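Q: Right, I'll just put the structure down here and ask away after.
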Amino acid sequence: AVLNAVAVISEAVASMPCYLYRVTRTNGVEARAWLADHPVDVLLNERPNDCQTPYQFKRTLMRHCLLNGNAYAVIKWGKDGQPQSLHPYPPRAVVPKRLDEHRYAYTITEPFSGRVRTYLQEEILHLRYSTDDGFLSRSPVSICRETLGLGMAQQRHGASIMRDGMMASGIVKAKEWLDSVNGKKAMDALERYKGARNAGKTPILEGGMEYEQLGMSNQDAEWLASRRFTIEDVARIFNISPIFLQEYSNSTYSNFSEASRAFHAMTMRPWLTNFEQQLKAALLLVSPSSGSRYLVEFDTTDLLRANPQDRFKSYETAIKSGVMCPNEAREREGMSPREGGEEFSQAWKQTVEVKGGVAND
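Numbered according to the working numbering, the sequence shown spans residues 6 to 366.
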């Protein structure tokens, strides 16, 4: 369940594009422009390093952070003062050290060569989960160690029963003890009803033998219930719905839709905000021109993507109200623009004028 929770969150983050914008403010109105050619945007969406795709890089950092509380990547800086590459390292290979009140250093041991090197904080992208001292973090796994230990004990108990215990679905009773010959005949007769092909067939027993089916004991039922409770505990630890851990005992279509919206608002939004702000702090050391600022933002459009009927109904409302033009809706659906599609509808303006005219009368 823990690995499933980690996979759900890390893969959701990794699948989202992360864009860099320049935000300018004029007369109290903010406007932003996508900086597609900026080195930071290229790193996050094209090639973070020579070995990984953007998806793999973001997934690696999120897995490290979820399982260890800290994720580290070395920043290679160019002569122009812009980042050129990002190289993640496993947390076990990194030894962080506080130099003074506001300065840190990271000693990293190369996993393959064994070479040891110390980096300053400007050379490290350090993603944290939850920290008490503002520097090092603890993972959800270490914070809730006892709950996860209980789940592991239950799993080992179930495995030992399946391996060594007697898990018979029924028993065959005879009025007298069977000798070796009759016992072999009885076993041969039962062998004909084994396997998936013979499932559901009624066995024919001779010699006064009776078949009695065994039900689940109360202890087994309690063990299964405790396993389900452990899954719910893991879901609480990572702040996700049990539905995303393949626990469907109480799920319906409606609460699955609500769980998906809650997953974005309650689970992903805090993680994305944390990731966005750490990327900005580590990679954008130089501020843009006066009156503007940088913004790093994940695109959550696909995470909130509704079914086609709801999407097109939303587009229709947005186009009629003048919020979107047809080409913007086509772009979201992966379609090419069409001539005249850049024009905005004036229907909303006509409605306002009609209402105003009625009011004036």
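Cβ coordinates follow ideal geometry from the N, Cα and C atoms, glycine included.
These numbers come from a predicted model, not from an experiment.
According to DSSP, which residues form a beta bridge with residue 78?
A: Reading the sequence shown from its first residue, position 73 is the one you call residue 78. The partner list for residue 78 (beta bridge, DSSP) reads 93 and 130.
Q: Please work out which residues of its chain come closer than 8 angstroms, Cβ to Cβ, to residue 14, disregarding the five sequence neighbours upstream and downstream, and give them in chain order.
A: Indexing the sequence shown from 1 puts residue 14 at position 9. Excluding sequence neighbours, residue 14 sits near 67, 71, 243, 245, 272, 273 and 276.
Q: Taking the DSSP output, what are the residues bridged to residue 3?
A: In the structure as shown, the chain starts at 6 and stops at 366, and residue 3 therefore has no counterpart that could be examined.
Q: In terms of residue numbering, what span does the beta strand (DSSP E) encompassing residue 105 cover?
A: For the purposes of this step, residue 105 is taken as the residue at position 100 of the sequence shown. Here the beta strand (DSSP E) through residue 105 covers 99 to 105.
Q: Measure from the alpha carbon of residue 114 to the alpha carbon of each residue in 77, 265, 144 and 36, then state which is nearest.
A: Working through the sequence shown from its first residue, we reach residue 114 at position 109. Nearest option by C-alpha distance: 77.
Q: Return yes when the Cβ of residue 6 is within less than 8 angstroms of the Cβ of residue 239, no when it is not.
A: Translated into positions along the sequence shown, residue 239 becomes position 234. Translated into positions along the sequence shown, residue 6 becomes position 1. In contact: residue 239 and residue 6 (Cβ atoms closer than 8 angstroms).
Q: Drop a sphere of 10 angstroms on the beta-carbon of residue 56, count the other beta-carbons inside from all chains shown, and report buried for 16 or more, exposed for fewer.
A: The residue you call residue 56 lines up with position 51 of the sequence shown. The residue is exposed, with fewer than 16 neighbouring Cβ atoms inside 10 Å.
Q: Rounding to the nearest angstrom, what Cα-Cα distance links residue 81 and residue 236 in this structure?
A: Within the sequence shown, residue 81 is the residue found at index 76, counting from 1. Within the sequence shown, residue 236 is the residue found at index 231, counting from 1. Answer to the nearest angstrom: the Cα atoms are 41 angstroms apart.
Q: Is the number of C-beta pairs between the segment 90 to 104 and the segment 112 to 129 that are closer than 8 angstroms three or more?
A: yes
Q: Closest by CA to residue 386, which one among 282, 308, 142 and 281?
A: The structure shown does not extend to residue 386, since the chain is modelled only from 6 through 366, so no value can be given for it.
Q: Nearest-angstrom Cα distance between residue 125 and residue 119?
A: Indexing the sequence shown from 1 puts residue 125 at position 120. Indexing the sequence shown from 1 puts residue 119 at position 114. Residue 125 and residue 119 have their C-alpha atoms some 19 angstroms from each other.
Q: Is there contact between the segment 319 to 327 and the segment 295 to 305, where contact requires at least three CB pairs shorter than 8 angstroms?
A: no
Q: Run through the segment 285 to 348 for me and flag every whole beta strand (DSSP E) of 3 or more residues, listed as ranges in chain order.
A: 297 to 303
Q: Distance, Cα to Cα, residue 63 vs residue 281?
A: Within the sequence shown, residue 63 is the residue found at index 58, counting from 1. Within the sequence shown, residue 281 is the residue found at index 276, counting from 1. Straight-line Cα distance between these residues: approximately 12 angstroms.
Q: Do residue 69 and residue 95 count as a contact pair if the criterion is CB distance below 8 angstroms?
A: If you number the sequence shown from 1, residue 95 lands on position 90. If you number the sequence shown from 1, residue 69 lands on position 64. The answer is yes: Cβ separation under 8 angstroms.
Q: Give me the Cα-Cα distance between residue 196 and residue 186, rounded to the nearest whole angstrom.
A: The sequence position of residue 196 within the sequence shown is 191, counting from 1. The sequence position of residue 186 within the sequence shown is 181, counting from 1. Roughly 15 angstroms separates the two Cα atoms.
Q: Using the rule of at least 16 other Cβ atoms within 10 Å of the residue's Cβ for burial, across every protein chain shown, is residue 329 buried or exposed?
A: By 1-based counting over the sequence shown, the position of residue 329 is 324. Residue 329 should be labelled buried.
Q: Pull the bridge partners of residue 37 from the DSSP assignment, please.
A: Here residue 37 corresponds to residue number 32 of the sequence shown, with the count starting at 1. According to DSSP, residue 37 bridges with 28.
Q: Apply the 10 Å Cβ neighbour rule to residue 278 and answer buried if 16 or more other Cβ atoms are within range, or exposed otherwise.
A: Here the question's residue 278 lines up with position 273 in the sequence shown. Per the 10 Å Cβ criterion, exposed.
Q: I need the DSSP call for residue 71, collapsed to helix, strand or coil.
A: Residue 71 sits at position 66 when you count from the first residue of the sequence shown. Looking at residue 71 - three-state DSSP - the assignment turns out to be helix.
Q: Could you check whether residue 27 and residue 331 sit closer than 8 angstroms to each other, using their CB atoms as the reference points?
A: Taking the sequence shown and counting its residues from 1, the one referred to as residue 331 is at position 326. Taking the sequence shown and counting its residues from 1, the one referred to as residue 27 is at position 22. No, Cβ-Cβ distance for residue 331 and residue 27 is not below 8 angstroms.
Q: What residue from 105, 75 and 109 has the CA that sits closest to residue 93's CA?
A: Locating residue 93 in the sequence shown gives position 88, counting from the first residue. For residue 93, the nearest C-alpha among the options comes from 75.
Q: Once you ignore the five residues that flank residue 116 on each side, which residues in its own chain have a CB closer than 8 angstroms to its CB?
A: Here residue 116 is taken as the residue at index 111 of the sequence shown, counted from 1. For residue 116, where only same-chain residues beyond five positions count, the Cβ hits under 8 angstroms are 94, 95 and 98.
Q: So is residue 21 buried or exposed if we call it buried at 16+ other beta carbons inside 10 Å?
A: Numbered from its first residue, the sequence shown carries residue 21 at position 16. Buried.
Q: Please report the straight-line C-alpha distance between residue 248 and residue 268, rounded to a whole angstrom.
A: Position 243 of the sequence shown, counting from 1, holds the residue named residue 248. Position 263 of the sequence shown, counting from 1, holds the residue named residue 268. So the alpha carbons of these two residues sit roughly 10 angstroms apart.
Q: When the Cα of residue 51 is compared with those of 91, 352, 338 and 299, which residue comes out closest?
A: By 1-based counting over the sequence shown, the position of residue 51 is 46. Looking at the Cα atoms, 91 is the closest of the given residues.
Q: Please state the DSSP three-state secondary structure of residue 225.
A: In the sequence shown, the residue the question calls residue 225 occupies position 220. In this prediction, residue 225 scores a pLDDT of 47, lower than 50, which makes its location untrustworthy; the coordinate-derived value is nonetheless stated afterwards. Of the three classes helix, strand and coil, the one that applies to residue 225 here is helix, per DSSP.
Q: Assuming contact is defined by CB atoms lying nearer than 8 angstroms, are residue 133 and residue 147 in contact in what I supplied?
A: Stepping through the sequence shown from its first residue, residue 133 is reached at position 128. Stepping through the sequence shown from its first residue, residue 147 is reached at position 142. It is not a contact, given that the beta carbons lie outside the stated cut-off.
Q: Counting along the chain, where does the beta strand (DSSP E) carrying residue 110 start and finish?
A: Start at 1 with the first residue of the sequence shown, and residue 110 comes out as number 105. Per DSSP, residue 110 belongs to the beta strand (DSSP E) from 108 to 114.
Q: May I ask you to list the residues that DSSP assigns as paired with residue 121?
A: Here residue 121 corresponds to residue number 116 of the sequence shown, with the count starting at 1. According to DSSP, which records beta bridges pairwise, residue 121 is partnered with 114.
Q: Taking its Cβ as the centre, do 16 or more other Cβ atoms sit within 10 Å of residue 17, making it buried, or is it exposed?
A: Start at 1 with the first residue of the sequence shown, and residue 17 comes out as number 12. Residue 17 should be labelled buried.
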